[in-house]
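Trainee: Before I ask anything, here is the structure I am working with.
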């Protein structure tokens, strides 16, 4: 179930030392640097827990720490997010059944003053937006600290094996994985302090001062104090309603990319993809590259929503795209064994008698994302529902500053778009935060204007129209 | 509501659509030397093909414009095929009763020069057999994408856009 050969990626090079972890007492091979969920998958284990009421099997869904479907008992501690927790030699992993309790021997940690990290700008999130914010804030003269709950920098770039669009100075023609490497290097070159495996669980403000409460590796409390904060927490995969959509084997598209592109684990043998936007189309191509059969891509809209060129790429490899089709149900006992799809009429109703059955063990949902705004919501930023941007987003000005002075937003957490626009927004927010912290010279305004112009240009085509409509509703001066 | 173009319902271009959206080189030009043909009919924010072209043969009024190739200016260098993030550029060259089509190939295995390959059309159907005449490996490609040139019967030049390598 592990990939050894790949046209783009070299897994042998990145795999760490082989170690052993234990699943319900049985030894399992794992590699240092991979997460528990990935190692379990490589060993063919897909059911991670059972639901408390109806005892239904549950498995991985988002693979980036944003949902609760991979929670397991690790070394006796329940509710560990196995998708972002790294394996360690001798780890004891158990399925979570019923309502999990802490082991009786567990004592609350002794109170002690948490370490306090001070900076001008605190960046939450190490994806394209967060990394660009940190780099630019640093260049503008700020002391910057960045935290991310994942074990590696790069956000979703680390699984983007395809080449980016846009202009060459915006990394067009370069693969996302390479962009992640370049930006990580830039961060390190600037000696920006980085906290990985650190979840921001609270964002507070006390007058001009901002406080971020972080938890490192599920146990260590850290306080980050800053003059300004950039929230670049990304997005969360959407789910759609259909029968048995909770079966193990129904994944968010991003989870499949994480499995096969970040960790080199084959997600399954035969896949049905729901959604022909860019994510679904790119995923199909990547599955083919990994040697996995894609039975079809189904799309409820009457046309392909993603870039045509991505569609052409998968069509010429023989992968069908069925527009005006939807998934009716997943079938299977412990995991996905089949998917049933059907055609839709012009009023989006299922046409009886058009059902098709695909023998698949994986159903990939590429049905969109919604911005992760929890921290912004909690600190009290003004929020608005803007469907064009993917859901609830925060009101902000043209420098990405929210309705709370000193709190900035960038990337998918500001509205669902591309990594290219996330990087540009990150640049604007980073410089904006450095200016607001009072450490950047006004010269930097020119760089903000330059990035704003590039954003405008990128969004000026037909694909940017919807986003522009959405932005009209949330950008205030 | 506007009529949805067929290529957006089906996910591939027919040769008629290709003619309509980007135009095709003349037979005479196809015989002179390889010529780059963009199969990119949609306005997307993307410009590497234009930026990399050494002879300014890729025309684009704004970053979202559909790339149009000035076939007379094109020298057939294949840089656009190498860099295109959408893997949407191809080169075609007529030689006698054969055609040579240059295409990106990001799938394993990458065929070797001289190797016979199965030819796939725009919907992935097997339409014949061709011979690989040139391979630019990933390390030498400007866009990190291996590209191959495949010789095939001339009548397949406008259908074949991918290959399958079948090894025993």
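Residue numbers (the numbering used here), protein chains in the order written: chain A, 3 to 479; chain B, 30 to 197.
Where is the CB? At the ideal position from N, CA and C, for every residue including glycine.
As the structure is a computational prediction, the values presented were derived from the model and not from experiment.
Name, going along the chain, the residues of the segment 314-336 of chain A whose beta-carbon falls closer than 8 Å to a beta-carbon of chain B.
Mentor: 314, 315, 316, 317, 318, 319, 320, 321, 323 and 325
Trainee: Between the segment 265-280 of chain A and chain B, which residues of the former have a C-beta closer than 8 Å to a C-beta of the latter?
Mentor: 278
Trainee: When you compare only the Cα positions, how much space is there between residue 148(B) and residue 139(B)?
Mentor: 14 Å
Trainee: Nearest chain B C-beta to residue 174(A) closer than 9 Å, yes or no?
Mentor: yes
Trainee: With DSSP collapsed to three states, give me the class of residue 150(B).
Mentor: strand
Trainee: What's the C-alpha gap between residue 363(A) and residue 62(B)?
Mentor: 48 Å
Trainee: Starting from residue 120(B) and walking both ways along the beta strand (DSSP E), at which residues does that stretch end?
Mentor: 118-124
Trainee: Would you mind stating whether residue 357(A) and residue 330(A) have Cβ atoms separated by less than 9 Å?
Mentor: yes
Trainee: Are the Cβ atoms of residue 110(B) and residue 65(B) separated by less than 9 Å?
Mentor: The answer is yes: Cβ separation under 9 Å.
Trainee: I'd like to confirm the pairing. Which residues does DSSP put opposite residue 472(A) in its beta bridges?
Mentor: Partner(s): none; residue 472(A) has no beta bridge.
Trainee: Check this for me: beta carbons of residue 124(B) and residue 81(B), under 9 Å apart or not?
Mentor: Taking 9 Å as the cut-off, the Cβ atoms of residue 124(B) and residue 81(B) do not count as close.
Trainee: Measure from the alpha carbon of residue 407(A) to the alpha carbon of each residue in 421(A), 380(A), 429(A) and 439(A), then state which is nearest.
Mentor: 439(A)
Trainee: Looking at chain A, which residues of the segment 111-133 of chain B have a Cβ within less than 7 Å of any of its Cβ atoms?
Mentor: 112, 114, 115, 116 and 117
Trainee: When burial is assigned at 16 or more other CB atoms within 10 Å of the CB, is residue 326(A) buried or exposed?
Mentor: buried
Trainee: Check whether the Cβ of residue 181(A) lies closer than 9 Å to any Cβ atom in chain B.
Mentor: no
Trainee: Given a limit of 8 Å on CB to CB distance, which residues of the segment 146-177 of chain A reach chain B?
Mentor: Against chain B - using a Cβ distance shorter than 8 Å - the residues of the segment 146-177 of chain A are 164, 165, 166, 167, 168, 169, 170, 174, 175, 176 and 177.
Trainee: Closest by CA to residue 481(A), which one among 42(B), 169(B) and 195(B)?
Mentor: No statement about residue 481(A) is possible, as the shown extent of chain A runs from 3 to 479 and does not include it.
Trainee: Identify which residue in 33(A), 203(A) and 284(A) has its Cα closest to the Cα of residue 21(A).
Mentor: Of the candidates 33(A), 203(A) and 284(A), the one whose C-alpha sits nearest the C-alpha of residue 21(A) is 33(A).
Trainee: Could you tell me the distance, in whole angstroms, from the CA atom of residue 208(A) to the CA atom of residue 386(A)?
Mentor: Taking the straight line from one Cα to the other gives about 24 Å.
Trainee: Which residues of chain A have a Cβ atom closer than 9 Å to the Cβ of residue 137(B), listed in chain order?
Mentor: 7, 8, 9, 291 and 293
Trainee: So, at 7 Å on beta carbons, what are the nonlocal neighbours of residue 468(A) in its own chain, with the 5 sequence-adjacent residues on each side left out?
Mentor: 390
Trainee: Taking 9 Å as the threshold (beta carbon to beta carbon), is residue 311(A) in contact with chain B?
Mentor: yes
Trainee: Determine whether the beta carbon atoms of residue 167(A) and residue 309(A) lie at a separation below 9 Å.
Mentor: With a cutoff of 9 Å on beta-carbon distance, residue 167(A) and residue 309(A) are scored as near each other.
Trainee: Determine the burial state of residue 437(A): buried for a count of at least 16 other Cβ atoms within 10 Å of its Cβ, exposed for fewer.
Mentor: buried
Trainee: Do we get a CB-CB distance below 9 Å when we pair residue 152(B) with the residues of chain A?
Mentor: yes
Trainee: Looking only at DSSP bridge pairs, what is residue 284(A) linked to?
Mentor: None; residue 284(A) has no bridge partner.
Trainee: By how many angstroms is the C-alpha of residue 267(A) removed from the C-alpha of residue 3(A)?
Mentor: Roughly 6 Å separates the two Cα atoms.
Trainee: What number of angstroms, rounded off, separates the C-alpha of residue 5(A) from the C-alpha of residue 189(A)?
Mentor: 30 Å
Trainee: Below 7 Å CB to CB, which residues in the same chain sit around residue 304(A) once its five sequence neighbours on both sides are set aside?
Mentor: 325 and 326
Trainee: For residue 460(A), decide whether its Cβ has a neighbour in chain B, counting only Cβ atoms nearer than 9 Å.
Mentor: yes
Trainee: I want to verify the contact list: residues of chain A whose CB lies under 7 Å from the CB of residue 75(B), in sequence order.
Mentor: By Cβ distance, chain A contributes 167, 168 and 174.
Trainee: Within 10 angstroms of its Cβ, does residue 369(A) collect 16 or more other Cβ (buried), or is it exposed?
Mentor: buried
Trainee: Distance, Cα to Cα, residue 39(B) vs residue 322(A)?
Mentor: 9 Å
Trainee: What is the C-beta distance between residue 398(A) and residue 381(A), in whole angstroms, given that I count them as a contact (C-beta under 8 Å)?
Mentor: Cβ atoms of residue 398(A) and residue 381(A) stay farther apart than 8 Å, at about 13 Å.
Trainee: Give me the subset of the segment 76-96 of chain B whose CB atoms are less than 8 Å from a CB atom of chain A, sorted by chain position.
Mentor: 76, 77, 80, 81, 91, 92 and 93
Trainee: Under a CB-based cut-off of 9 Å, is residue 37(B) close to chain A?
Mentor: yes
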